[in-house]
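A.B. asks: Once you've had a glance at the structure underneath, I'll fire off some questions.
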Amino acid sequence: ASERASQRASEPTGRKADARAQQAAMLELDELVPRENGDRANGRGGGHSQDTLRRKPIPLALSRPSPSLVGFLQRTRWTVLGLCCLAAFANNFVADSPEALHEELEDEFESGALGFELFFILMFVMFAIPNVIVPSFGGFLVDRLGPGIVLLLSLGGSLALGQTIVAIGVMVSKEAVVLVGRFLVGMGSEVVLTSLSTILADWFALSNQAAAISTMLAFVRLGQMVSILGGSALAQSFGLAVALWATVAVVLVALLVSGVSIVILDKARQRHVDVTTQKQKEPASLGALASFPVNYWLICLMVFFGNSTFIVFCNVGVAAYMEEVCGLDRCCESGATCEAHEAAERQATAFVVGAILVSMLISPITGIMVDRFALRGVLCSVGLAGF
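The opening residue of the sequence shown carries number 1 in the working numbering; numbering runs sequentially from there.
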């Protein structure tokens with residue numbers, strides 16, 4: 001008995017801490033997941049109490065996860081959040097690069113066949129067209145293949161490839177090549193965000209889910225802000241080609257670090273899933289859209305009206321303000337600027353970056369409020385009123 005006591009006393013502190021963390025998580029889990037058989041036997045029908053409804057529910061894919069899975073999620077979820085934030089940053093750093101390089105692109109394509117203003121608008125139109133349809137199919141792929149695999153395919157097969165084509169098109173001054181590249185970037189951009197949201201929903205199923213997703217969205221805005229501030233500075237210092245290839249380098253880093261690591265971690269997570277307690281997901285199909293509740297479509301409308309104001313302002317705000325102040329024609333020769341032009345550019349950038357900064361700072365705070373108070377409807381209404 002004394003030998004066993006001494007062995008227990010000599011156990012590593014880390015192992016004891018992991019065991020305590022798993023035990024605490026499972027105690028919380030007991031409150032979150034109803035014991036269906038026991039509830040039915042007691043005549044309660046498996047219903048949730050008022051306190052349980054205030055807590056974050058466990059995803060339908062899991063029913064009473066094993067202690068091994070709970071411990072694994074507790075140990076790795078913050079690492080996964082960091083990887084998702086890197087991928088989200090890279091996604092919008094690439095997607096919003098034309099806005100940051102408006103002046104430099106105008107110098108390169110002002111004598112193009114389409115005319116620069118039409119060409120600049122088409123860069124965003126070609127990005128937006130696939131976003132109308134592709135994210136829905138991307139969501140079905142996430143359900144069938146898993147979010148990690150779809151993230152890897154979107155970062156590498158669409159985002160990195162598309163931005164590489166954009167950089168090549170700018171180097172050879174071919175408008176059509178640039179537009180094809182933007183189309184590919186648009187195909188992957190929203191699917192990346194869909195995959196990241198699903199990954200965080202899996203890893204933060206027990207708690208802090210809204211805070212995790214909103215933190216990832218804050219890095220979306222950070223990538224947008226750094227693109228506007230840093231893209232133009234890179235182009236002015238080293239040239240347009242260097243600025244574009246820098247965006248390719250960023251997305252490749254996200255592909256190799258975030259994409260690959262998340263796939264590996266997701267495979268490890270699957271090994272901890274107890275197949276005897278895992279509920280089978282219904283196969284994804286287009287027919288499932290008909291079963292979505294009315295609230296879902298109302299949320300879609302809210303997203304539509306929100307993005308139609310804020311995203312458009314961020315994409316073309318600097319260019320629109322510059323044209324309002326300086327006019328469609330440059331006051332100086334091509335490639336040159338005057339003091340009034342530079343002052344207007346700084347003021348326009350401050351307007352757009354200020355709006356993005358406010359959004360970036362509010363996003364995590366909103367997520368924490370949702371986790372604590374579940375005021376989703378109120379917060380959505382306040383957000384739309386702000387728009």
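Even for Gly, the Cβ is constructed at its ideal location relative to N, Cα and C.
By how many angstroms is the C-alpha of P67 removed from the C-alpha of G162?
C.D. replies: For this step, residue 162 is matched to residue 162 along the sequence shown. For this step, residue 67 is matched to residue 67 along the sequence shown. If you take the alpha carbons of G162 and P67, they lie about 43 Å apart.
A.B. asks: So, is S169 buried or exposed, given that buried needs 16 or more other C-beta atoms within 10 angstroms?
C.D. replies: Taking the first residue of the sequence shown as position 1, residue 169 is located at position 169. The residue asked about is misnamed: residue 169 is Gly in this sequence, not Ser. G169 should be labelled buried.
A.B. asks: Reducing DSSP to helix, strand and coil, say where P388 ends up.
C.D. replies: Residue 388 falls outside the range modelled here, since the chain spans only 1 to 387, and no answer is possible.
A.B. asks: With a CB to CB cut of under 7 Å and the five nearest residues on each side skipped, what residues in its chain are close to V142?
C.D. replies: Along the sequence shown, one-based indexing puts residue 142 at 142. Answer for V142: V150, T194, S195 and T198, listed in chain order.
A.B. asks: Going by C-alpha distance, which of K174, F183 and S154 is nearest M123?
C.D. replies: Taking the first residue of the sequence shown as position 1, residue 123 is located at position 123. Comparing Cα-Cα distances from M123 to each of K174, F183 and S154, the minimum goes to F183.
A.B. asks: Quick check: L229 and E104, are their CB atoms within less than 8 Å of each other?
C.D. replies: Residue numbering aside, residue 229 sits at position 229 when the sequence shown is read from its first letter. Residue numbering aside, residue 104 sits at position 104 when the sequence shown is read from its first letter. No. Outside cutoff.
A.B. asks: Would you mind working out which of P135, M126, V166 and A268 sits nearest C300, comparing C-alpha positions?
C.D. replies: Translated into positions along the sequence shown, residue 300 becomes position 300. It is P135 whose Cα lies nearest to the Cα of C300.
A.B. asks: Ends of the alpha helix (DSSP H) at K174?
C.D. replies: Locating residue 174 in the sequence shown gives position 174, counting from the first residue. First-last for K174: undefined, no H or E at that position.
A.B. asks: Would you mind stating whether V257 and V94 have Cβ atoms separated by less than 8 Å?
C.D. replies: Taking the sequence shown and counting its residues from 1, the one referred to as residue 257 is at position 257. Taking the sequence shown and counting its residues from 1, the one referred to as residue 94 is at position 94. Cβ distance not < 8 Å, so V257 and V94 don't count as in contact.
A.B. asks: Reducing DSSP to helix, strand and coil, say where E99 ends up.
C.D. replies: Taking the sequence shown and counting its residues from 1, one reaches residue 99 at position 99. Helix.
A.B. asks: At what residues does the alpha helix (DSSP H) containing F119 begin and finish?
C.D. replies: Translated into positions along the sequence shown, residue 119 becomes position 119. Note, F119: alpha helix (DSSP H), F116 to L145.
A.B. asks: By a C-beta neighbour count over all protein chains shown, 10 Å radius and 16 as the cutoff for buried, is L145 buried or exposed?
C.D. replies: Taking the sequence shown and counting its residues from 1, one reaches residue 145 at position 145. The residue in question, L145, is exposed, as its Cβ has fewer than 16 Cβ neighbours within 10 Å.
A.B. asks: So M216 and A88 are in contact, right, with Cβ under 8 Å, and what is the actual spacing, rounded?
C.D. replies: Position 216 of the sequence shown, counting from 1, holds the residue named residue 216. Position 88 of the sequence shown, counting from 1, holds the residue named residue 88. Contact holds; Cβ gap of about 5 Å.
A.B. asks: Going by DSSP in three states, S189 sits in which element: helix, strand or coil?
C.D. replies: Looking up residue 189 in the sequence shown gives position 189. Correct three-state label for S189: helix.
A.B. asks: According to DSSP, is N208 helix, strand or coil?
C.D. replies: Taking the first residue of the sequence shown as 1, we reach residue 208 at position 208. Here N208 sits in coil by DSSP.
A.B. asks: Taking just the CA atoms, how far does F72 sit from D107?
C.D. replies: Residue 107 sits at position 107 when you count from the first residue of the sequence shown. Residue 72 sits at position 72 when you count from the first residue of the sequence shown. So the two alpha carbons sit approximately 53 Å from each other.
A.B. asks: Is it the case that the Cβ atoms of A218 and P364 are separated by a distance below 8 Å?
C.D. replies: Sequence index remark: in the sequence shown, residue 218 carries index 218 (1-based). Sequence index remark: in the sequence shown, residue 364 carries index 364 (1-based). Contact flag set, yes.
A.B. asks: Check G112 in the structure and name its three-state DSSP category.
C.D. replies: Taking the sequence shown and counting its residues from 1, the one referred to as residue 112 is at position 112. DSSP places G112 in coil when its eight states are reduced to three.
A.B. asks: Could you tell me the distance, in whole angstroms, from the CA atom of A296 to the CA atom of V303?
C.D. replies: By 1-based counting over the sequence shown, the position of residue 296 is 296. By 1-based counting over the sequence shown, the position of residue 303 is 303. Per the sequence presented here, residue 296 reads as Tyr, with Ala not at that position. The straight-line gap from Cα to Cα measures roughly 11 Å.
A.B. asks: Can you tell me whether DSSP reads Q74 as helix, strand or coil?
C.D. replies: Against the sequence shown, residue 74 aligns to sequence position 74. Looking at Q74 - three-state DSSP - the assignment turns out to be helix.
A.B. asks: In three-state terms, what does DSSP make of G239?
C.D. replies: Taking the sequence shown and counting its residues from 1, the one referred to as residue 239 is at position 239. In the structure shown, G239 sits in coil (DSSP, three-state: anything other than H, G, I, E or B).
A.B. asks: Just how far apart, CA to CA, sit F127 and A374?
C.D. replies: Here residue 127 corresponds to residue number 127 of the sequence shown, with the count starting at 1. Here residue 374 corresponds to residue number 374 of the sequence shown, with the count starting at 1. Distance between the alpha carbons of F127 and A374: 34 Å.
A.B. asks: I need the boundaries of the alpha helix (DSSP H) containing A374, first residue and last residue.
C.D. replies: Along the sequence shown, read from residue 1 onward, the residue named residue 374 stands at position 374. Element bounds for A374: n/a, residue is neither H nor E.
A.B. asks: Tell me the rounded alpha-carbon separation between F119 and M360.
C.D. replies: For the purposes of this step, residue 119 is taken as the residue at position 119 of the sequence shown. For the purposes of this step, residue 360 is taken as the residue at position 360 of the sequence shown. Roughly 30 Å between the two C-alpha positions.
A.B. asks: Once you ignore the five residues that flank G14 on each side, which residues in its own chain have a CB closer than 8 Å to its CB?
C.D. replies: Position 14 of the sequence shown, counting from 1, holds the residue named residue 14. Confidence in G14 is poor, its pLDDT being 46 and thus under 50, which makes the residue's placement unreliable; the coordinate value appears in the next sentence. Counting only Cβ-Cβ distances below 8 Å, and skipping sequence neighbours, we find nothing.
A.B. asks: Once the 5 residues before and after E31 are set aside, which same chain residues still bring their CB inside 6 Å of it?
C.D. replies: Your numbering for residue 31 matches position 31 in the sequence shown. Reliability fails at E31, whose pLDDT of 40 lies under 50, so the model's placement of it is uncertain and the value that follows must be treated cautiously. There are no such residues.
A.B. asks: Do you know offhand how far L289's Cα is from L298's?
C.D. replies: Taking the sequence shown and counting its residues from 1, one reaches residue 289 at position 289. Taking the sequence shown and counting its residues from 1, one reaches residue 298 at position 298. One C-alpha to the other measures close to 14 Å.
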